[in-house]
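I have placed the structure first, in the form of structure tokens, so that the comments after it can refer back to it.
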């Protein structure tokens, strides 16, 4: 078996291996190829810096990396790791990383980051064996919003009209929900007003995934309730993925609005 980058591997081959590896996973994964083509494009996946284990011509394991500059560093974000069932137990992920780390360094990458479901203890230990350390804990929520604090005034705005440098908590969003991964997606953006002042902001996808949710002016009581009512006026059935567990007020607001905690993840990082 041999490790090589995925830059010369066709998308269908990658997807066949990907879906086989994630069959019967902790959460149900989408199976539409176009979903991943769009998602990985928005996330800035670079297949030349993504890697696979090949047994002859067969792809049996992979690490798919998105590449971008974040906080002054060139980062490789692992947006998907897997091994097909019949090849598990052979330390394939560790072997891929042994190759990948050297290649990423040669290409100027200074840090590798990934997310892993907390209950997936085998994966957590495997990543720790490579050298990754837990740096954040994320909580995920889903359900039907039930806020009664309305009506509210809101305004749809464009991505380019948002002053992202002033938007709070950007260092606490996970890779896919950081503003640098939102620009090329299909999200909508809204300011929420109270007494003619912008009080809060949210971004949401057509499928009900909330990308970002922020209070910009907390001077008046009820700001979280008004923000949740604004979100539910767009879509009531929503989910929000990877809320940093240090954001106690936001977590409480999500639960108060009727959402349930579904799954939790670690963010892990490795300095290269």
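Numbering (my numbering), first residue to last: 1 to 272. Heads up, the beta-carbon is just placed ideally off N, CA and C, and yes, glycines get one too.
- In this structure, DSSP gives residue 106 a helical state, which the three-state scheme calls helix.
- It is roughly 15 angstroms from the alpha-carbon of residue 103 to the alpha-carbon of residue 130.
- Beta-bridge partners of residue 156 (DSSP): 190.
- Annotation: the continuous alpha helix (DSSP H) that includes residue 17 extends over 11-21.
- Taking all protein chains shown into account, residue 53 has 16 or more neighbouring C-beta atoms within 10 Å of its C-beta and is therefore buried.
- The beta strand (DSSP E) runs lying completely inside the segment 193-257 and spanning 3 residues or more are 197-204, 209-215, 237-244, given in chain order.
- Counting other Cβ atoms within 10 Å of its Cβ, residue 26 stays below 16 and is therefore classed as exposed.
- Distance from the Cα of residue 201 is smallest, within the candidate group 195, 213, 194, 72, for 213.
- For the options 222, 252, 242, 205, the alpha carbon positioned closest to that of residue 39 is the one of 205.
- Counting C-beta pairs with one atom in each stretch, the segment 177-188 and the segment 129-148 have fewer than three that are closer than 8 angstroms, which means they do not touch.
- When rounded, the separation of the alpha-carbon atoms in residue 21 and residue 33 is 15 angstroms.
- Taking C-beta atoms under 8 angstroms as the contact rule, residue 63 and residue 97 qualify, at a distance of about 7 angstroms.
- If you check the CB distance, residue 270 and residue 112 come in under 8 angstroms.
- Under the three-state reduction of DSSP output, residue 134 falls in the strand class.
- One alpha carbon belongs to residue 248, the other to residue 8, and they sit about 45 angstroms apart.
- Residue 223 counts as buried, since at least 16 other C-beta atoms from the protein chains shown sit within 10 angstroms of its C-beta.
- Comparing alpha carbon positions, the residue from 86, 101, 82 closest to residue 93 is 82.
- Between the alpha carbons of residue 121 and residue 138 lies a gap of roughly 16 angstroms.
- 8 angstroms or more divides the Cβ of residue 233 from the Cβ of residue 189.
- Residue 228 is classed as buried because its beta carbon has at least 16 other beta carbons within 10 Å across all chains shown.
- Here residue 181 is near residue 42, since their CB atoms are less than 8 angstroms apart.
- Bridge pairing for residue 113: 77, 269 [DSSP].
- Annotation for residue 259: 141, 143 place their beta carbon closer than 6 angstroms to its own, counting only its chain and skipping 5 residues before and after.
- The C-beta distance from residue 266 to residue 124 rounds to 7 angstroms, short enough to meet the 8 angstroms contact threshold.
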